[in-house]
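Quick notes on the structure that follows.
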Amino acid sequence: MKKVREKKLSLSNLKTGASLAALVAAVATFVILMQVEKSVLTQYEKGIVYTASKAIAKGQMITEENYMQYMTQREMDKNMIPDTALTEPAQVRGMAAAYDVEEGVLLTGGMFEELDEILAGMEEPVIAGVKAEDIYQVAGGMLRAGDRIHIYTVRDGKAVLAWEEVYVQQVFDASGKGISNTDSSTVAQRMNVYLDKRDIEAFYTELAGGSLRAVKVCH
């Protein structure tokens, strides 16, 4: 009887050991599967980027009011997103497109330039408003935000360069409504330009005298 009991105990111990081993194996397998799943999910983790929802013309300023017109939020695999990709609109608010950007293009920081770069060299930048026709048919009125113009003074029939590569901040139609850079037909009736405060007096004096002429810079 003693031998039978010992045999039963031995079989019970074997079953218990086998059960424990099976449990350990199951837990180990579960952990491995979880790690594999985590690794696979990480490979396909999504991130947010922004693409151009429509063409962005060179010089177009991106503002709090208009950024939704030009940017569309998209999801991409994180391992496919370049480091320079825009992930927040705030990254380029207040900046201008450095060149024409086509619709659907993945937007990056290098496509926009800081206002500080545009106004480099000015001690105290200010915005001056002027009727486009007051600067004598400048580019036939076909100016847009981001354009640059050379402004000349004319005296005794001689033109002298007064302000070089003046940046056009915004243009407006006859009703005072801003003209989009994608509008290629509306004639600009008024425009805002960046000038140094120290030049404002001379600018408006020459403007009142009707002696200013301007040409659009073509890069």
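Each residue of the sequence shown is one higher than the last, beginning at 486 in the numbering used here.
C-beta: ideal position from N, C-alpha, C; glycine also.
Paired residues, beta bridge with residue i - DSSP
i       : result
Met-556 : Ala-537
Asp-462 : Residue numbering for the chain in the displayed model covers 486 to 704; residue 462 lies beyond these limits and cannot be assessed.
Met-561 : Gly-532
Lys-543 : Per DSSP, none; premise fails for Lys-543.
Asp-681 : Pro-610
Leu-597 : For clarity, residue 597 is Phe in the given sequence; the question names Leu instead. Paired residues: Ala-582.
Thr-671 : DSSP, once it has assigned bridges, lists no residue as partnering Thr-671.
Met-676 : Val-615 and Val-656
Leu-591 : Thr-536
Ala-570 : Thr-593
Local conformation of residue i per DSSP, three classes
i       : result
Asp-658 : coil
Ile-620 : helix
Arg-578 : coil
Glu-549 : coil
Thr-638 : strand
Glu-650 : strand
Leu-692 : helix
Lys-701 : strand
Ala-630 : coil
Ala-644 : strand
Lys-487 : With a pLDDT of only 46 at Lys-487, under the threshold of 50, the placement of this residue in the model should not be trusted; the figure read from the coordinates follows. It is helical.
When the options are compared against residue i, the one with the closest alpha-carbon
i       : options                               : result
Trp-648 : Val-702, Gln-655, Gly-661 and Val-656 : Val-702
Asp-677 : Val-534, Val-586 and Gln-655          : Note on identity: in this sequence residue 677 is Asn, with Asp being the wrong assignment. Residue Gln-655 is the option with its Cα nearest to Asn-677.
Met-607 : Glu-573, Leu-692 and Asp-684          : Asp-684
Ile-603 : Gly-614, Ala-583 and Val-615          : Ala-583
Val-672 : Tyr-679, Asp-658 and Leu-680          : Asp-658
Pro-610 : Glu-550, Val-653 and Lys-543          : Val-653
Ala-617 : Arg-675, Gln-576 and Thr-572          : Arg-675
Asp-641 : Glu-686, Arg-629 and Gly-695          : Gly-695
Ser-538 : Ile-547, Leu-600 and Gln-558          : Gln-558
Gly-532 : Ala-570, Arg-578 and Lys-543          : Ala-570
Asp-601 : Gly-614, Met-580, Val-615 and Ile-620 : Met-580
Counted within 10 angstroms of its Cβ, other Cβ atoms place residue i as buried (16 or more) or exposed
i       : result
Ile-612 : exposed
Gly-595 : exposed
Met-556 : buried
Leu-646 : exposed
Gln-545 : buried
Met-553 : exposed
Thr-690 : exposed
*Touching or not, the stretch 627 to 638 and the stretch 694 to 701, by the rule of three or more beta carbon pairs under 8 Å?*
yes
Would you call the stretch 649 to 669 in contact with the stretch 587 to 595, where contact means no fewer than 3 C-beta pairs closer than 8 Å?
no
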